[in-house]
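Quick note, the sequences are listed as chains B and X, same order.
Yeah, the first sequence ends on 304 if you go by the numbering used here, and it's all consecutive.
Yeah, the second sequence ends on 282 if you go by the numbering used here, and it's all consecutive.
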Amino acid sequence: MKHKKAKKYGMVINLDKCTGCGSCMVACMAENNVPFRKDESDKLLSITWMRVYKLTNGKPFPNTDICYLPRPCMHCEGQHEGHSPCVTVCPAVATDYNIETGIVSQIYTRCFGCRYCMASCPYKARYFNWWDPVWPDGMEKYLSPNVSPRMRGVVEKCSFCFHRYQMAKEKAFMEGRRKLKEDEYQTACTQACPAGAITFGDLNNPNHAVYRMVKPDPKHHGRPTNPNAFRLLERLGTNPKVYYLSSREWVRRVGDNYLKNESIAKKTVHQG
Amino acid sequence: MSALDNNAKEIAEDAGGEELATSSPEINQKEQDNRSAGPVILFFIIGLFASLILGWIIFPKLLYSKKKQPIDFNHVLHVAEVEDGCESCHFFREDGTYSGVPKLEQCIDCHEEIQGDSPDEIKFVEEYVSKGREVPWLIYSRQPDCVFFSHAAHVKGAGMDCVTCHGHIGESESLKIYEENRITGYSRDIWGKSIGGFKKNTWDRMKMDDCAECHREKTANIERTDVKTPTNRLIDHLIDMVYPGTSKSGKGGSIQTERDACFVCHK
Numbered sequence: 033m034k035h036k037k038a039k040k041y042g043m044v045i046n047l048d049k050c051t052g053c054g055s056c057m058v059a060c061m062a063e064n065n066v067p068f069r070k071d072e073s074d075k076l077l078s079i080t081w082m083r084v085y086k087l088t089n090g091k092p093f094p095n096t097d098i099c100y101l102p103r104p105c106m107h108c109e110g111q112h113e114g115h116s117p118c119v120t121v122c123p124a125v126a127t128d129y130n131i132e133t134g135i136v137s138q139i140y141t142r143c144f145g146c147r148y149c150m151a152s153c154p155y156k157a158r159y160f161n162w163w164d165p166v167w168p169d170g171m172e173k174y175l176s177p178n179v180s181p182r183m184r185g186v187v188e189k190c191s192f193c194f195h196r197y198q199m200a201k202e203k204a205f206m207e208g209r210r211k212l213k214e215d216e217y218q219t220a221c222t223q224a225c226p227a228g229a230i231t232f233g234d235l236n237n238p239n240h241a242v243y244r245m246v247k248p249d250p251k252h253h254g255r256p257t258n259p260n261a262f263r264l265l266e267r268l269g270t271n272p273k274v275y276y277l278s279s280r281e282w283v284r285r286v287g288d289n290y291l292k293n294e295s296i297a298k299k300t301v302h303q304g
Numbered sequence: 016m017s018a019l020d021n022n023a024k025e026i027a028e029d030a031g032g033e034e035l036a037t038s039s040p041e042i043n044q045k046e047q048d049n050r051s052a053g054p055v056i057l058f059f060i061i062g063l064f065a066s067l068i069l070g071w072i073i074f075p076k077l078l079y080s081k082k083k084q085p086i087d088f089n090h091v092l093h094v095a096e097v098e099d100g101c102e103s104c105h106f107f108r109e110d111g112t113y114s115g116v117p118k119l120e121q122c123i124d125c126h127e128e129i130q131g132d133s134p135d136e137i138k139f140v141e142e143y144v145s146k147g148r149e150v151p152w153l154i155y156s157r158q159p160d161c162v163f164f165s166h167a168a169h170v171k172g173a174g175m176d177c178v179t180c181h182g183h184i185g186e187s188e189s190l191k192i193y194e195e196n197r198i199t200g201y202s203r204d205i206w207g208k209s210i211g212g213f214k215k216n217t218w219d220r221m222k223m224d225d226c227a228e229c230h231r232e233k234t235a236n237i238e239r240t241d242v243k244t245p246t247n248r249l250i251d252h253l254i255d256m257v258y259p260g261t262s263k264s265g266k267g268g269s270i271q272t273e274r275d276a277c278f279v280c281h282k
């Protein structure tokens with residue numbers, strides 16, 4: 033266990049590949065026992081750990097272009113490790129930053145539902161359970177036994193399918209290993225994406241695809257050095273571990289609130 | 016005047032108030048004290064013992080319902096028959112998950128037909144095996160739904176033996192009575208036999224405190240140099256200033272608690 037190299041799990045989503053089909057949302061809900069209601073028309077109240085947004089460039093035909101942007105929890109690292117917006121405000125120690133994996137956790141049994149974390153999350157990745165989950169008859173038999181269902185009055189969010197990490201580790205223990213292979217721990221959305229737009233892996237490991245795709249700059253909190261890669265609200269300093277790739281400039285501009293004449297290339301370097 | 020005397024006076028007045036009211040107050044008081052102190056103290060002592068008995072003996076008895084296992088099981092007999100000890104029946108699957116209490120499928124391997132003359136085995140074969148019904152075993156160590164425990168990490172990863180948490184169940188000749196907490200629905204093995212929460216052996220209780228106790232001891236010596244929290248960095252820095260090169264880094268994966276993260280077991 034000595035000199036264990038800490039992992040930093042992250043995700044890269046190629047927006048040029050995303051077709052907006054929503055498979056990731058469905059896979060996520062099924063994998064994580066995300067509750068739903070009979071009437072889901074009020075989207076402000078529905079819970080979606082992974083949500084696909086539709087972006088448009090706002091130009092008239094024939095220059096109209098659209099892009100779909102899947103948004104899981106960003107698992108922000110913050111200005112220093114664990115300085116995620118939600119973790120620092122939680123009064124109940126219900127949400128935590130794991131230094132070994134870089135995953136922001138949510139402990140439902142500790143959460144008392146003050147929703148301070150929801151207010152602090154700039155990505156709206158956190159959801160509140162206004163009701164106890166009610167499953168259609170017989171569906172409770174299809175729930176995943178690896179994730180506990182949440183009760184009314186607690187906040188929940190994407191966990192990067194942390195239970196899958198633990199299951200992969202269990203398998204590794206059986207085989208007498210401590211290290212995980214890249215393909216052993218993958219989130220449900222990554223595996224479900226038919227277009228292969230989502231890539232998941234360890235951002236600290238140069239052999240992993242996510243590292244090679246974005247080439248995070250460790251001196252600037254993992255800011256991508258790939259010119260096509262960007263993070264949402266980069267200049268806020270939350271330093272998310274979810275990266276987006278797009279060859280279209282207008283898509284990259286949507287990632288943060290750039291002024292009309294401002295160029296993205298001149299990104300302000302956020303000092304830690 | 017102490018509170019006790021005050022009480023005593025009031026009780027005495029209640030008892031013989033009319034008679035006492037006629038005589039002078041000072042003499043009265045002395046007489047009262049002499050007469051009533053004994054019974055009152057006795058009353059309190061009896062009360063104390065009654066509540067102790069109620070709280071420590073009667074309440075625990077009322078709190079736990081006693082249930083018998085559907086059929087009795089002799090661990091000694093079975094351990095002698097099998098080759099791999101506990102893991103012969105309570106085995107790990109290839110993917111690292113743990114099978115827990117054996118299903119009928121495993122028992123059928125040997126018990127398709129009655130082998131001995133034990134009434135429990137006859138009952139088992141007749142009622143469950145031949146009808147293909149699973150035995151509704153009562154599980155002593157069943158944890159709440161929000162607890163996720165990895166047997167593989169402890170047994171295969173850390174090399175622990177079953178006895179550390181489960182005790183010498185493998186040496187029992189019959190299954191003990193299953194006691195269920197009427198309020199929480201959990202087995203008594205979680206809280207432990209002692210209602211006061213005292214324990215002599217590591218397997219006496221299965222509460223989170225017991226997990227934490229072992230984890231504190233076992234992880235105290237582990238240095239994780241790559242893992243540093245802001246607070247630990249500051250502490251390291253301060254220690255380094257006073258005693259250069261002796262600082263230790265964070266002991267666990269959690270930023271919030273600087274110990275093991277809650278997420279490992281609760282999710």
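Quick reminder that beta carbons are idealized off the backbone N, C-alpha and C, glycines included.
Bear in mind the structure is a predicted one, so any value in this text is a computation, not a measurement.
Ordered along the chain, which non-local residues of its own chain (more than five positions away) have a Cβ less than 6 Å from that of residue i?
| i | result |
| --- | --- |
| R255 (chain B) | D249 |
| E33 (chain X) | Here the model assigns E33 (chain X) a pLDDT of 48, short of 50, so the residue's position is not dependable, and the following value carries that caveat. Answer for E33 (chain X): no residue qualifies. |
| V150 (chain X) | P85, Y143 |
| F262 (chain B) | Y276, R284, G287 |
| G114 (chain B) | Y129 |
Determine whether the beta carbon atoms of residue i and residue j lie at a separation below 9 Å.
| i | j | result |
| --- | --- | --- |
| K82 (chain X) | E228 (chain X) | no |
| V274 (chain B) | M106 (chain B) | yes |
| A173 (chain X) | K233 (chain X) | yes |
| E109 (chain B) | T219 (chain B) | no |
| S156 (chain X) | F88 (chain X) | no |
| I296 (chain B) | R280 (chain B) | no |
| F205 (chain B) | A168 (chain X) | yes |
| Y41 (chain B) | L235 (chain B) | yes |
| N46 (chain B) | A224 (chain B) | no |
| K282 (chain X) | F139 (chain X) | no |
| V136 (chain B) | N130 (chain B) | yes |
| C226 (chain X) | C280 (chain X) | yes |
| E63 (chain B) | S152 (chain B) | no |
| V44 (chain B) | V246 (chain B) | yes |
| F278 (chain X) | S191 (chain B) | yes |
| T96 (chain B) | A38 (chain B) | no |
| K203 (chain B) | G111 (chain X) | yes |
| F107 (chain X) | K171 (chain X) | yes |
| K173 (chain B) | Q138 (chain B) | no |
| Y79 (chain X) | R197 (chain X) | yes |
Examine the ligand FMN and report whether any of its heavy atoms sits within less than 8 Å of the Cβ of residue i.
| i | result |
| --- | --- |
| G233 (chain B) | Of the ligands one can find in the structure shown there are none, so the ligand FMN has no counterpart to examine. |
Using a Cβ-Cβ cutoff of less than 8 Å, which residues in the same chain neighbour residue i once the five nearest sequence positions on both sides are dropped?
| i | result |
| --- | --- |
| I154 (chain X) | G115, V116, S202 |
| H90 (chain X) | I184, G185, E186, S187, E188 |
| A18 (chain X) | Caution applies to A18 (chain X), whose pLDDT of 49 falls short of 50 and renders its modelled position unreliable; the model cannot decide the point. |
| P75 (chain X) | I210 |
Please return the same chain residues whose Cβ sits closer than 7 Å to the Cβ of residue i, not counting the five positions on each side in sequence.
| i | result |
| --- | --- |
| A36 (chain X) | Because A36 (chain X) carries a pLDDT of 47, less than 50, the predicted location of this residue cannot be relied on, and the following value inherits that uncertainty. Closer than 7 Å at Cβ, skipping near neighbours: no residue. |
| M150 (chain B) | R158, F160, V187 |
| S103 (chain X) | V97 |
| L268 (chain B) | P154 |
| P226 (chain B) | C53, S55 |
| M33 (chain B) | Because the pLDDT of M33 (chain B) is 33, which lies under 50, any placement of that residue in the model is unreliable, and the number read from its coordinates should be weighed accordingly. Closer than 7 Å at the Cβ level, and outside the excluded window around M33 (chain B), lies no residue. |
Query - the region 121–130 of chain B contacting the region 76–93 of chain B, beta-carbon criterion three pairs below 8 Å - result: The answer is no - the region 76–93 of chain B does not touch the region 121–130 of chain B, with fewer than three Cβ pairs under 8 Å.
Query raised in the report: Should the region 53–71 of chain X be regarded as contacting the region 116–135 of chain X, the criterion being three or more beta carbon pairs within less than 8 Å?
Result: Contact between the region 53–71 of chain X and the region 116–135 of chain X is absent, because fewer than three Cβ pairs lie under 8 Å.
Query raised in the report: Which parts of the region 215–292 of chain B are runs of the beta strand (DSSP E), unbroken and 3 residues or longer, counting only runs that do not cross its ends?
Result: Taking 3 residues as the shortest admissible run, the region 215–292 of chain B contains the following complete beta strand (DSSP E) segments, listed from N- to C-terminal end: 230–234, 274–277.
Requested in this report: Determine, using beta-carbon pairs with one atom in the region 51–71 of chain B and one in the region 152–169 of chain B, whether at least three such pairs fall under 8 Å.
Outcome: Inter-segment contact for the region 51–71 of chain B and the region 152–169 of chain B is present: three or more beta-carbon pairs are separated by less than 8 Å.
Requested in this report: Check each residue of the region 180–206 of chain B: if its Cβ is closer than 9 Å to any Cβ of chain X, include it; give the result in chain order.
Outcome: Residues of the region 180–206 of chain B whose Cβ lies closer than 9 Å to any Cβ of chain X, in chain order: S180, P181, S191, F194, H195, Q198, M199, A200, K201, E202, K203, A204, F205, M206.
Query raised in the report: At which residue ranges does the region 146–213 of chain B contain complete alpha helix (DSSP H) runs of 4 or more residues, listed in the order of the chain?
Result: Annotation: the region 146–213 of chain B contains the following complete segments of the alpha helix (DSSP H) (minimum length 4 residues), in chain order: 148–152, 194–206.
Requested in this report: Select from the region 148–162 of chain X all residues with a C-beta closer than 9 Å to any C-beta belonging to chain B, and list them in chain order.
Outcome: For the region 148–162 of chain X, which is checked against every Cβ of chain B, the residues closer than 9 Å are P159, D160, C161, V162.
Query raised in the report: Should the region 201–219 of chain X be called in touch with the region 172–184 of chain X, which here means at least 3 C-beta pairs below 8 Å?
Result: They touch, by the three-pair rule.
Report task. Determine which residues of the region 198–225 of chain X have a Cβ less than 8 Å from any Cβ of chain B, and write them out in chain order. Result -> Within the region 198–225 of chain X, no residue has its Cβ closer than 8 Å to any Cβ of chain B.
Query raised in the report: Are the region 179–198 of chain B and the region 137–146 of chain B touching, with three or more C-beta to C-beta distances below 8 Å?
Result: Output reads yes: the region 137–146 of chain B touches the region 179–198 of chain B.
Query raised in the report: Should the region 222–240 of chain B be called in touch with the region 70–77 of chain B, which here means at least 3 C-beta pairs below 8 Å?
Result: Taking 8 Å as the limit for Cβ pairs, the verdict is that the region 70–77 of chain B does not touch the region 222–240 of chain B.
Query raised in the report: Enumerated in chain order, which unbroken segments of the alpha helix (DSSP H) with a length of 4 residues or greater are wholly contained in the region 152–198 of chain X?
Result: You should have 178–181.
Report task. Could you name the residues of the region 107–127 of chain X whose beta carbon sits closer than 9 Å to any beta carbon of chain B, in the order they occur along the chain? Result -> When C-beta distances to chain B are compared with 9 Å, the residues of the region 107–127 of chain X below that value are F107, R108, E109, D110, G111, T112, Y113, in chain order.
Query raised in the report: Which whole runs of the alpha helix (DSSP H) in the region 38–112 of chain X are 4 residues long or more, in chain order?
Result: Here the runs fully enclosed are 40–68, 74–78, 90–96.
Query - chain X contacts from the region 88–114 of chain B (Cβ-Cβ distance under 8 Å) - result: Taking a C-beta cut-off of 8 Å against chain X, the contacting residues of the region 88–114 of chain B are H112, E113, G114, listed in chain order.
Requested in this report: Return the residues of the region 116–131 of chain B that lie within a Cβ-Cβ distance of less than 7 Å from chain X, sorted by chain order.
Outcome: Residues V119, V125, D128, Y129, N130, I131.
Query raised in the report: Unbroken alpha helix (DSSP H) runs of length 4 or more, entirely within the region 103–128 of chain B: which are they?
Result: Qualifying alpha helix (DSSP H) stretches, in chain order: 117–121.
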